[in-house]
Amino acid sequence: MSMSAKVAFIGLGNMGGPMAANLVKAGYEVTGFDPMPEAQDKAREAGVTVAGSPAEAAKEAEVVITMLPNGKLVLDVYTGRDGQEPLVGAAPQGALFVDCSTIAVQDARDAAQAALDAGYRAADAPVSGGTVGAEAGTLTFMVGAAEGDIEQLRTVLEPMAGRVVHCGDVGAGQAAKICNNMILGISMIAVSEAFVLGERLGLTHQALFDVASTASGQCWALTTNCPVPGPVPTSPANRGFTGGFGTPLMAKDLGLAMHAADSTGTDTRLGQLATDIYQQFATEGGVGRDFSAIIEEIRATGGETEESK
Ligand code: NAD
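Counted the way the working numbering counts, the sequence shown spans residues 686 to 994.
Quick look at the structure:
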C-alpha cells in the first residue's frame with residue numbers, strides 16, 4: 686500500500702480526530718465521517734475530507750477505520766441498521782476493515798464477520814494510550830487479524846502507533862485489551878487500599894512507595910499512575926486527577942470484561958468487585974476524573990474502627 690493510500694475514518698471524536706490527523710500528516714488521503722459538527726470542523730482543519738455519511742466516506746477507501754463509542758454503533762454503522770447506507774458494501778472490493786473502538790469480543794467478531802461475508806478483509810485493533818497517545822501518535826494497538834493482513838495493518842497503523850501487537854485472530858485484540866484493563870482496574874484498587882491503610886498506620890506515602898515500588902507490590906498503578914501526589918510527579922493525583930484514563934471508560938472496559946467472563950464461565954470475583962466499585966464511582970465522584978481518584982472514595986467510605994462503633 687502506497688503512502689498516498691486512501692483511508693476512510695468513521696468516528697472523529699476525542700480519539701478518532703487526532704488519529705485521523707496523524708494519518709493525514711503521514712501522507713494518507715483521509716475521508717472521514719462524524720455526525721457532530723464540532724468533530725467535522727476539527728477534522729477539516731487537520732486536512733481530512735469530510736463526507737456526508739459513513740458509506741460515502743468509504744467509497745474509494747483501501748482501508749476503512751472505525752473509532753466509535755460502543756459495539757451497537759459499530760454494528761449499526763457496518764450493517765446500516767441505523768437507517769443509513771451500510772458501510773459494509775460501500776468500499777471497493779479488497780478493502781480492509783479495521784475497527785479500533787473498544788467493544789465486546791462478540792460484537793467485534795460479528796462486525797468482522799459482516800465484512801468477511803461481503804468479501805472484504807477485517808480486523809479488530811483496539812488501543813490503549815488515551816487521548817494523549819492519540820495526539821502524539823504513540824498508541825498501543827492490540828490487533829486481532831489474519832496473519833496475511835498484518836503487514837498492511839502495521840503500515841497503516843504506524844503513524845498512529847507506538848506499538849502494534851498481533852494478538853491472534855479477529856476478536857483477540859479486544860480480548861487482550863479487556864484482560865489487561867481488568868488487571869489495571871483491580872490493581873489500582875489494591876494500591877489505593879494499601880495507601881489508605883498505610884495512612885492510618887502512620888506510614889508516609891513516600892515510605893510505602895519506596896518499599897512497594899522495588900518490592901513485590903510493584904505494578905503500573907503504583908509506579909506510573911500512583912494515586913497519591915508526590916512519589917510520581919507526573920501521575921494524575923498531582924493535578925487533582927484531571928486528564929488520564931477517565932473513570933467512566935474504566936467502568937465501561939470492566940463491564941466488557943465481565944460480559945466476557947459470563948459468556949466463558951470464568952471465575953473473576955475480584956474483576957466483578959472492581960467492576961461494581963468503578964461503575965458506582967463513575968456515576969458519582971469519578972465523572973471527568975482519572976480512575977485513580979478511586980482512592981478518595983476508599984478514604985471517604987472507611988474510617989470506622991471496632992472501638993469507634
Ligand atoms: P468520543 O465520544 O469522543 O468519540 C466518538 C465519536 O463517534 C463522536 O465524535 C461521535 O459523534 C461519533 N459517532 C457517533 N455515531 C457515529 C456514526 N454513526 N458515525 C460516525 N461517527 C459517529 O469517544 P472517544 O473517546 O474518541 O472513544 C472512541 C472509542 O475509543 C471508544 O470505544 C472508547 O472506549 C475507545 N477508547 C477511548 C480512550 C480514551 O481515552 N478516550 C482510550 C482507549 C480507547
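Heads up, the beta-carbon is just placed ideally off N, CA and C, and yes, glycines get one too.
Please read all numbers here as calculations on a predicted model, not as lab measurements.
- Apart from sequence neighbours up to five positions away, the residues of its chain that approach N910 with a beta-carbon distance below 6 Å are S920 and S977, ordered along the chain.
- By the Cβ neighbour-count rule, L941 is buried, with 16 or more other Cβ atoms within 10 Å of its own.
- For the 8 Å CB-CB criterion, A742 and I695 form a contact.
- Secondary structure of R766 (DSSP, three-state): coil.
- For S813, the secondary structure class from DSSP, reduced to helix, strand or coil, is strand.
- Note: I750 is bridge-paired with F694 and V783 in the DSSP secondary-structure output.
- Remark: C-beta atoms of E745 and K691 approach each other more closely than 8 Å.
- Between the alpha carbons of N707 and C785 lies a gap of roughly 15 Å.
- A residue is called buried once 16 or more other Cβ atoms fall within 10 Å of its Cβ, and A892, having fewer, is exposed.
- Comparing alpha-carbon positions, the option among V913, G853 and V749 lying closest to Y805 turns out to be V749.
- C-alpha of A807 to C-alpha of T716: approximately 19 Å in a straight line.
- Taking the C-beta atoms as reference points, D834 is found nearer than 8 Å to L781.
- DSSP places A846 inside the beta strand (DSSP E), whose first and last residues are A846 to G853.
- For the ligand NAD, a non-hydrogen atom lies closer than 7 Å to the CB of M700.
- A residue is called buried once 16 or more other Cβ atoms fall within 10 Å of its Cβ, and R924, having fewer, is exposed.
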